[in-house]
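Quick note on my numbering: the sequence shown kicks off at 68 and runs consecutively.
All C-beta atoms in this analysis are idealised placements derived from N, C-alpha and C, irrespective of residue type, glycine included.
Reviewing the structure listed below.
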Amino acid sequence: MHPSVPQPETRDPQIATALERAGRSPDSLLPVLQMLNRQRGGLSDATVRDVSRAMNVPAERVEGVATFYSLLSRPPQAGRTIRVCDGLTCWLNGATECRQALEQHAAERRGWRVTRSSCLGLCDRAPAALVEDRQCGPIAPDGAGDVVDGWTGAMPTYGDPLPGEARFTLARGRRIDPWSIDEALAAGAYSGLRTALSGSQGAVIEAIETAGLTGRGGAGFPTARKWRMVAEAPDGPRFVICNADESEPLTFKDRVLMESDPHAVLEGMAVCGYAVGAAEGIVYIRGEYEPQARLLEAAIGQAVERGWLGGRIAGSGFSFHVHVHRGAGAYICGEETALLESLEGRRGEPRIRPPYPAAHGFRGQPTVVNNVETLATAAAILAQGAEAWRATGLPEAPGTRLFTLQGHIRRSGLVELPCGLTLRQIIDTFGGGMRPGSRFQFALTGGAAGTFVSGDQLDVPLGPAARQAGIAIGSGGILVCDESVSPVAVLREALHFFEQESCGKCTPCRIGTAQARRTLDRLLSGDGDAGDLRRLDEFARLLRNASFCGLGTSAADPIRTARERFPDEFERLVSR
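What follows is the structure in structure tokens.
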């Protein structure tokens with residue numbers, strides 16, 4: 068809104084304070100609603116109406132935002148909330164029983180409510196829960212009372228690399244106090260930015276291009292190409308957005324990066340900002356990552372004090388300002404255009420592409436959107452050199468990748484590995500092999516939106532050969548399962564996730580995911596028939612060919628690969 072336009076006044080002190088902190092721009096609608104949601108336990112009709120008047124935003128838009136995000140309560144809900152994750156890893160580790168125990172315990176105490184949640188990004192603490200902003204796990208049915216009383220559990224650490232790991236992006240991770248910029252600087256933080264500032268903007272992009280870095284969020288788009296498109300855009304404001312909305316089930320690598328080495332992420336954003344000519348960066352972090360958001364804000368303050376962010380960085384003519392924007396619970400906001408819609412104060416629904424964000428992004432300006440791992444790796448490449456990066460991995464897929472391992476293996480967690488290892492090598496060497504008495508049956512790779520992998524594919528290198536074989540690497544999440552669980556049951560849980568997280572904008576995804584899940588319910592309950600198998604195949608084709616965005620199209624992949632690679636598991640359910 069133009070500053071000369073009179074602003075409506077509000078007599079509500081909480082709304083006035085929220086507007087003062089977040090601003091009156093429509094872009095600030097979500098932060099304003101988040102503040103009021105925390106203070107009031109939710110958003111009432113009166114709150115929606117009063118915010119609409121105070122911000123001069125249509126009530127329909129306020130209502131649309133208030134009802135879109137899972138961490139906003141519309142209408143208000145009584146009591147404090149415990150959100151129990153029912154993501155794939157938590158489900159596999161008994162989240163259903165934990166939720167039932169928590170519900171029973173909460174019923175005995177006043178002021179508590181228990182609800183489900185899609186994946187919380189705490190897969191290494193499964194089963195996990197979110198108690199208000201407190202991250203908890205692994206919880207147990209007989210520990211429900213402890214959760215209510217304030218227990219959180221231990222946060223896994225990844226400070227010591229396993230034999231065979233190739234620590235590049237995670238070189239400092241867990242060896243430093245993440246709250247201390249002094250320790251980060253002593254370990255080499257911001258040396259990549261110093262290198263960037265000593266050369267030209269074009270030289271930075273050339274270094275990233277020489278390294279062959281591709282996006283680590285799942286799509287694998289060449290990073291230098293994206294940066295160059297923004298750098299070569301017509302004169303005007305540009306933005307760097309760090310996509311920290313890590314919501315893909317089986318994935319928690321970005322969370323570990325942020326909580327172990329926040330300055331690596333901020334440095335990568337500044338390097339990118341210098342390369343493309345941007346003066347402002349925004350970390351869009353999922354609302355479930357509140358502890359990590361506070362850590363990033365502290366790190367930003369420290370970096371500004373030391374001259375590594377803010378005005379005239381390190382005495383140069385380059386200025387770059389970063390702030391943190393919290394999401395409010397929506398998997399779809401991991402899609403870059405939905406993220407931009409959310410940043411601009413709207414429902415997180417994907418945009419039509421083209422135009423792409425590199426040409427028309429945040430506030431209509433050229434924008435780089437990269438995920439946490441990509442930006443942190445870019446900073447490490449500037450610090451250690453493109454050749455050091457290319458010395459690891461494959462010529463056609465250089466460097467390392469972060470993988471998150473879970474399931475029926477001896478050792479779950481996060482590892483940084485050279486590109487090109489096989490799934491068998493990853494399971495046996497870094498996962499410690501299958502648990503005693505277990506035998507490999509299948510894996511789900513790349514997250515819920517990934518692919519089912521059979522035993523005869525264990526020796527395919529996870530690089531270009533994997534893509535040719537129809538094996539997704541995606542965001543690096545790997546779930547390994549033995550014969551105690553059916554791939555059909557895992558597929559059903561994946562479809563349940565997509566059904567819950569569909570933004571509803573397009574019919575194929577909104578209806579297709581729900582119908583596919585119901586079909587799997589029938590099969591697993593013994594009420595299915597051969598027609599259900601044909602319908603599943605048709606739903607996969609519909610999702611792939613007619614969905615508006617990547618959520619719907621990628622939801623087809625687990626259906627398709629499970630049907631192709633485990634046909635007997637489906638036929639057995641029909642014939643019993």
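Cβ atoms of ALA597 and VAL641 come within 8 Å of each other, at about 6 Å.
Assigned with DSSP and collapsed to three states, ALA145 falls in coil, not helix or strand.
In the displayed model, PRO205 falls within coil according to three-state DSSP, outside both helix and strand. Here the alpha carbons of VAL151 and ALA286 stand approximately 29 Å from one another. Counting only runs of 3 or more residues that sit fully inside the segment 237-317, the beta strand (DSSP E) segments are 306-311, in chain order. In its chain, beyond the 5 residues on either side, PHE519, SER521 have a beta carbon closer than 7 Å to the beta carbon of ARG632.
Under the DSSP assignment, TRP179 falls in the beta strand (DSSP E) whose first and last residues are 179-184. Between the alpha carbons of ALA516 and SER621 lies a gap of roughly 5 Å. Sequence-distant Cβ neighbours of ARG506 in its own chain, meaning closer than 8 Å and more than five residues away, are ASP549, GLU550.
Annotation: the continuous alpha helix (DSSP H) that includes GLN535 extends over 531-535. Residues ALA397, ARG414, GLY415 of the same chain have their beta carbon placed closer than 7 Å to that of PHE135, with the five preceding and five following residues left out of the count. MET122 counts as buried, since at least 16 other C-beta atoms from the protein chains shown sit within 10 angstroms of its C-beta. Shortest Cα-Cα distance from ALA211 to any of ARG502, THR224, SER184, TRP179 involves TRP179. Using a C-beta cut-off of 8 Å, the segment 453-470 makes no contact with the segment 336-352, since fewer than three inter-stretch Cβ pairs fall below that distance. The beta carbon of ARG141 sits closer than 7 Å to those of GLY109, LEU110, ALA133, THR134, all from its chain and outside the five residues before and after it, given in chain order. Around ALA251, the same chain offers ILE243, HIS330 as residues with beta carbons nearer than 6 Å, after the five sequence neighbours per side are excluded. Counting along the chain, the unbroken alpha helix (DSSP H) around LEU618 starts and ends at 617-632.
When the alpha-carbon of ALA145 is set against those of ARG176, GLU164, VAL124, GLY514, the nearest one is in ARG176. According to DSSP, residue pairing for PRO528 in a beta bridge involves THR489.
Runs of the beta strand (DSSP E) lying entirely within the segment 351-422 and spanning at least 3 residues, in chain order: 388-393.
With at least 16 other beta carbons inside 10 angstroms of its own, HIS563 counts as buried. DSSP links ALA464 through a beta bridge to LEU461. In the three-state reduction of the DSSP assignment, ALA196 falls in the strand class, which pools E and B. With fewer than 16 other Cβ atoms inside 10 Å of its own Cβ, ARG361 counts as exposed.
With respect to the C-alpha of ARG107, the residue from LEU86, ILE82, GLU638 having the closest C-alpha is ILE82. Counted as a single uninterrupted DSSP element, the stretch harbouring GLY335 is not any beta strand (DSSP E) but the alpha helix (DSSP H) occupying residues 329-343.
One thing to note: GLY259 has its Cβ within 7 Å of the Cβ of ALA450. Minimum Cα-Cα distance from GLN508 among the listed residues PRO421, GLY344, ALA629, GLN167 corresponds to ALA629. Annotation for PHE509: the continuous beta strand (DSSP E) segment containing it runs 507-512.
For ILE545, the beta-bridge partners assigned by DSSP are LEU472, THR512. The DSSP-derived three-state label of THR434 is strand.
ASP599 sits close to LEU590, with the two beta carbons spaced by under 7 Å. Under the three-state reduction of DSSP output, PHE519 falls in the strand class. The beta carbons of PRO433 and ALA300 sit about 4 Å from each other, so the pair counts as a contact at 8 Å.
Residue range 112-122 is occupied by the alpha helix (DSSP H) that includes MET122. For a cut-off of 8 Å, the C-beta gap from ALA278 to ALA453 is around 4 Å, short enough to register as a contact.
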